[in-house]
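Counting with our numbering, you get residues 3 to 426 for the letters of the sequence shown.
Okay, structure first, notes after.
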Amino acid sequence: MVFKPSASATPSPSPSRSPSRSRAELAPATVPAPIPLATATTLATPPAAATTSTTPPATSTTLTTPPATSTTLTTPPATSTTSTTATTIRILSASDISSVLPDIPTQTLLASQSTVFQSLSAKSASIQTPHRATLSSDEQTVLVMPGKAGTDMAVKIVSVPCGSSSDGLPASTVVIDSESGKVTGLVNARLLTALRNAAGSALFLQEFPNPSVPTNIVLFGSGAQSQAHANLLLTLYPSLKSCTIVVRSETERATSLVSTLENLFPNVKVTLGLSSSEAFNLPQTVHNANIIITATPSLSPLFNSVDVTSGTRVVCIGSYKPHMHEIQGELVRRAGLVVVDSREACAKEAGELISAGITQEGMIELGEVLSDDRGDDVKIKVQQSGDIVLFKSVGVGIQDVAVAKVVLDEAERRGVGTVIQDYD
């Protein structure tokens, strides 16, 4: 999954604010203005073959398929029924998703994610985010993530292989009509998980621009999460001229990602850094970074806090269990107040925050920052609390609801997918 770079560097409007109020009216002088963004873009898929991994949130996939067409399956008339309204279900495969994404404007994606984050923080009655349920076997851990956003409902099911197992479906999302309670869609969420996480990170970076225009981004990991973040951020921020992908050892997946990014962004110097190699200067790489993205399921910190320059924006989206740690507790404490996707979820699952002793009182939700009512006051408070700004995301179910609905609506408009008539 990649994002087509825009040919224009004309700033695009942020989707996080109400159209009735401009950013200039909202931002006080003490809050840096957002760096220029590229014009709203659309999503696309790379020309390379797919490489997949089943462990979220560092799953990897690059899918290329010809435009999908809609298939309709019709069952014979039932002999008896208790409902007068037929149920139609649209099924979107991975190839269907790859076909649909290029037609969805990036700003549409960001706006949908901004809306659910704000509703979550406002404790809107239309939002329901039950904690994920877990089912375990010797081979798999299955995560069930339900959510409701407005009139949209969905349940995402993620299979996490245990040990060396590589089997299991990475993710599927069941979309439900909240009025009738009927299933309306089954969506392959392999690409969408990374996509919605990258959108959340982009919203954070738009609201907390670097003190100076960023030119250097460093990403840890080479899976789908790193790929989605690199594609989206290099597209939205043309000021970025250097991109380093840091992995422990060289793999086909890592070299493929570097090659893909080089082809898509010829004006960006893309480098593969091997943290296990003495020839690679990891401390200097971290020191030079304006933006750091960690997207690995690491159990131990990936770099030292002391190497991070004051003013750096750090995004941690890889760890999702209490024993996982992508960054040091010292770096967490340097941030002061930590921006999170969900206080409740991060208090239970964000290993870095838990080990650093960060309670919910020390967290600020992204939805609060995006809010028209008090967002700018919150931003000032966050920036004054530490010498870096940190965003920690473990993922919340309503993100899956929003992104699945956007994709399903576009697929229906284009007639993409397999349609089952008279399911019930």
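From the three backbone atoms N, C-alpha and C, an ideal C-beta is built for every residue, glycine too.
Quick caveat: nothing in here was measured; it's all calculated off a predicted structure.
If you measure between the beta carbons of residue i and residue j, is that distance less than 8 Å?
i, j, result
"Gln401", "Arg192", "no"
"Thr217", "Ser182", "no"
"Ile106", "Val408", "yes"
"Phe206", "Val384", "no"
"Gly369", "Leu122", "yes"
"Glu354", "Lys394", "yes"
"Ile422", "Ile93", "yes"
"Pro449", "Met326", "Residue numbering for the chain in the displayed model covers 3 to 426; residue 449 lies beyond these limits and cannot be assessed."
"Val260", "Phe222", "no"
"Val162", "Met147", "no"
"Ile200", "Leu242", "A quick correction: the sequence has Ala, not Ile, at residue 200. No; because the gap between Cβ atoms is not below 8 Å, this pair is not in contact."
"Val270", "Leu236", "yes"
"Asn190", "Ser101", "no"
"Leu1", "Ile99", "An answer regarding residue 1 cannot be provided, because it is not within the stretch 3 to 426 covered by the chain."
"Ile219", "Ala291", "yes"
"Val334", "Leu392", "yes"
"Gly448", "Gln229", "As shown, the chain starts at 3 and ends at 426. That puts residue 448 outside it, with no answer to give."
In the DSSP assignment, what are the bridge partners of residue i?
i, result
"Lys125", "According to DSSP, which records beta bridges pairwise, Lys125 is partnered with nothing at all."
"Ser182", "Looking at the DSSP assignment, Ser182 forms no beta bridge with any residue, so it has no partner."
"Lys271", "Ser244"
"Glu367", "Val342"
"Pro163", "Gln142"
"Asp154", "Ala151 and Asp179"
"Gly187", "Arg92 and Val177"
"Cys348", "DSSP output for Cys348 lists no bridge partner at all."
"Asn218", "Ser244"
"Thr136", "Leu145"
"Lys394", "Cys318 and Val342"
"Leu236", "Its beta-bridge partners do not exist; DSSP assigns none."
"Thr296", "Phe222 and Cys318"
"Val249", "Leu276"
"Gln362", "Answer by DSSP bridge pairing: none, since Gln362 is not bridged."
"Gln130", "Lys150"
Label residue i either buried or exposed according to how many other C-beta atoms from any shown protein chain fall within 10 Å of its C-beta, with 16 as the threshold for buried.
i, result
"Pro68", "For Pro68, the predicted structure reports a pLDDT of 44, less than 50, and the residue's modelled location is therefore unreliable. The matter cannot be settled from this model."
"Lys125", "exposed"
"Ser14", "Here the model assigns Ser14 a pLDDT of 43, short of 50, so the residue's position is not dependable, and the following value carries that caveat. With 16 or more other Cβ atoms within 10 Å, it is buried."
"Ala88", "exposed"
"Arg336", "buried"
"Glu209", "buried"
"Leu301", "exposed"
"Ala26", "Annotation note: pLDDT 34 at Ala26 (below 50); position unreliable, no value reported."
"Ser139", "exposed"
"Glu332", "exposed"
"Asp378", "buried"
"Gly338", "buried"
"Glu280", "exposed"
"Leu410", "buried"
"Pro268", "exposed"
"Pro172", "buried"
"Gly359", "exposed"
Since I believe residue j is in contact with residue i (beta carbons under 8 Å), could you give me their beta-carbon distance rounded to a whole number of angstroms?
i, j, result
"Gln330", "Ala349", "Actually they are not in contact, since the Cβ atoms of Gln330 and Ala349 sit about 19 Å apart, beyond 8 Å."
"Ala256", "Ser224", "4 Å"
"Ser203", "Ile295", "7 Å"
"Ala406", "Val177", "5 Å"
"Leu137", "Val160", "So it is not a contact: roughly 11 Å between Cβ atoms."
"His231", "Ala297", "7 Å"
"Glu351", "Pro324", "7 Å"
"Met155", "Ser128", "Not quite, the Cβ-Cβ distance comes to about 11 Å (not below 8 Å), so this is no contact."
"Ser373", "Gln142", "Between Gln142 and Ser373 the Cβ distance is about 39 Å, and since that is not below 8 Å, they are no contact."
"Thr90", "Tyr425", "7 Å"
Return no unless some Cβ of chain D is closer than 8 Å to the Cβ of residue i.
i, result
"Pro285", "In summary, chain D is missing from the structure at hand, where a single protein chain is found."
Contact between the region 339-352 and the region 404-424: three or more CB pairs below 8 Å? The region 339-352 is not in contact with the region 404-424.
Given 8 Å as the limit, is there contact between the region 248-258 and the region 272-282, that is, 3 or more CB pairs closer than that? Contact between the region 248-258 and the region 272-282 is present, because at least three Cβ pairs lie under 8 Å.
- request: Could you tell me whether the region 280-287 touches the region 174-193, where touching means 3 or more Cβ pairs closer than 8 Å?
  value: No: the two stretches stay apart, fewer than three of their Cβ pairs being nearer than 8 Å.
- Query: Taking contact to mean at least 3 C-beta pairs separated by less than 8 Å, is the region 204-223 in contact with the region 308-322?
  - Reply: Put simply, the region 204-223 touches the region 308-322. At least three CB pairs are less than 8 Å apart.
Check: Is there contact here, the region 150-159 with the region 394-408, by at least three beta-carbon pairs under 8 Å?
Finding: Counting Cβ pairs under 8 Å, three or more are found: they touch.
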